[in-house]
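Working notes for the structure below.
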Amino acid sequence: MQLEGKTAIVTGASSGIGAEFSKALTEKKCRVHGIARRTERLEKLRSQLGNLFIPVTLDVNDYSAMERWVTDTFHGDNGDPGSSPENGTSTGPDILINNAGLGMFGAIDELPPEHWDTMMQTNLTSVFRLTRLIVPMMKASDTTNHIVNISSVAGLLGNPNISGYNATKFGLRGFSEALMKELRNFRIKVTCIYPGSIATGFFDEHGGTHPNMMQGSDVANTVIHLLETPDNFLIDEITMRPLIPKPPGK
Ligand SMILES: NC(=O)c1ccc[n+]([C@@H]2O[C@H](COP(=O)([O-])OP(=O)(O)OC[C@H]3O[C@@H](n4cnc5c(N)ncnc54)[C@H](OP(=O)(O)O)[C@@H]3O)[C@@H](O)[C@H]2O)c1
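Take the sequence shown: its letters are residues 1 to 250, numbered as in my numbering.
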């Protein structure tokens, strides 16, 4: 896909890899609707990235607000004013990056059920809810579209004390594989990515980052490569890891 003039939705755009995806996409002259709850972070990003970045304050778990936003932004008279076939840009979203997510860790007998529910809703159910709103527009499009789901190596390997997070990311893997087979003949690519540790705010409550973690920009560059592949070429899964995962000196 040629990214210039295209329209993307990135969830979890206010920090970490979502902010890096937004930066990399706007550098390619792609319009980005960046969804997150923290308005001030999104506004700061707009001041850095320019008007191709459109801040969207939304909680992905507020399904009626999300539905209203999709309708207001992409359908009818209120359609996205910056995008139209006349000015060479597309009207509906060409790219959906389902990235918003969080990890709440703990032993099975200590993990509060509310933490399980929050992870399930944010990491998995909201992906289903947003994707089902976007897919009809992608099916109606006469160009190739792309959905990228951000799982984790925790979507491939179970480990102690992260059972809830594991369950959401394994779930996202199954969802992505099914969707890939369901949507390929509509010219909609589906890719699921499985990163190891990346230096982001994800670790604010899990011991902090260290210099051997991957950088968000490396993950974003890989996603740009995925999106720019030729139309009839699909990379459906990518695992990425730091070469040496342990902190320096450990
Ligand atoms: N960092 C890693 O090592 C790593 C490895 C593998 C996979 N991942 C995955 O990568 C994704 C991004 O994480 P990150 O590492 O970039 O961490 P991060 O900096 O904490 O970013 C998480 C993003 O998700 C958004 N978010 C969380 N709950 C939300 C909600 N209810 N509604 C809307 N947005 C919400 C946050 O925005 P607001 O708080 O502003 O809403 C934030 O922008 C997650 O799915 C994570 O599981 C991370």
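In this text, a Cβ means the ideal position worked out from N, Cα and C, and glycines have one as well. This structure is a prediction, so every number in the text was calculated from the model and none was measured.
Distance, residue j Cα to residue i Cα
i	j	result
ASN232	CYS30	21 Å
THR313	LEU130	In the structure as shown, the chain begins at 1 and stops at 250. Residue 313 is therefore absent and cannot be evaluated.
HIS206	ASP142	44 Å
PRO81	ALA154	With a pLDDT of 49 at PRO81, under the threshold of 50, the predicted position of this residue should be treated as unreliable, though the coordinate-derived value follows. Cα to Cα, the separation comes out at about 39 Å.
ARG41	THR200	14 Å
LYS250	ASN161	21 Å
TRP69	GLY92	13 Å
GLY208	PRO247	11 Å
LYS169	LEU124	8 Å
THR39	HIS75	24 Å
THR118	ARG37	15 Å
ALA220	THR57	22 Å
SER15	ASP109	31 Å
VAL60	VAL127	8 Å
MET240	ARG46	29 Å
ARG173	ALA107	23 Å
TRP116	ASN159	16 Å
GLY103	LEU111	12 Å
GLU43	ILE97	19 Å
Any non-hydrogen atom of ligand 1 closer than 7 Å to residue i Cβ
i	result
PHE202	yes
GLY50	no
LEU58	yes
PRO195	yes
THR73	no
ILE9	no
THR122	yes
ALA100	yes
ALA107	no
ALA65	no
ARG173	no
ILE35	yes
SER14	yes
Local conformation of residue i per DSSP, three classes
i	result
THR71	helix
PRO242	coil
ASN149	strand
GLY5	coil
ARG38	coil
LYS29	coil
PRO55	strand
ASN98	strand
GLU110	coil
LYS23	helix
Proximity winner among the options, relative to residue i (alpha-carbon distances)
i	options	result
PRO245	HIS210, THR229, GLU4	HIS210
ILE95	GLU182, HIS146, ALA140	HIS146
ILE224	HIS75, ILE235, LEU49, LEU25	LEU25
GLU4	LYS44, LEU52, THR11	LEU52
THR28	ASN159, ARG132, LEU227	According to the sequence as given, residue 28 is Lys; it is not Thr. When each option's Cα is compared against that of LYS28, the closest is LEU227.
TYR63	SER217, THR122, LYS181	THR122
ARG132	THR229, THR71, GLY12, GLU114	THR71
TYR194	ASP204, LEU179, VAL148, ALA178	VAL148
GLU20	ALA100, LEU58, GLU67, ASN61	ALA100
GLN215	THR229, MET137, SER197, PHE203	SER197
LEU234	TRP116, ARG184, SER47, TYR165	ARG184
ALA8	SER15, SER14, SER22, GLY16	SER22
PRO136	GLN2, LEU243, MET66, PHE186	PHE186
MET120	GLY171, THR144, GLY158	GLY171
MET180	GLU43, GLU237, ILE35, LEU102	GLU237
PHE175	THR191, SER163, ASP204, ILE35	THR191
ILE54	VAL10, GLU67, SER151	VAL10
LYS189	MET138, ASP218, PHE202, SER217	MET138
TYR134	GLY50, PRO230, HIS33	The amino acid at residue 134 is misidentified as Tyr; the sequence shows Ile. When each option's Cα is compared against that of ILE134, the closest is HIS33.
**Message:** My parser needs the beta strand (DSSP E) runs of 3 or more residues fully inside the segment 124-171; what are they?
**Reply:** 145-150
**Prompt:** What runs of the alpha helix (DSSP H), each 4 residues or longer, lie entirely inside the segment 193-227?
**Reply:** 216-227
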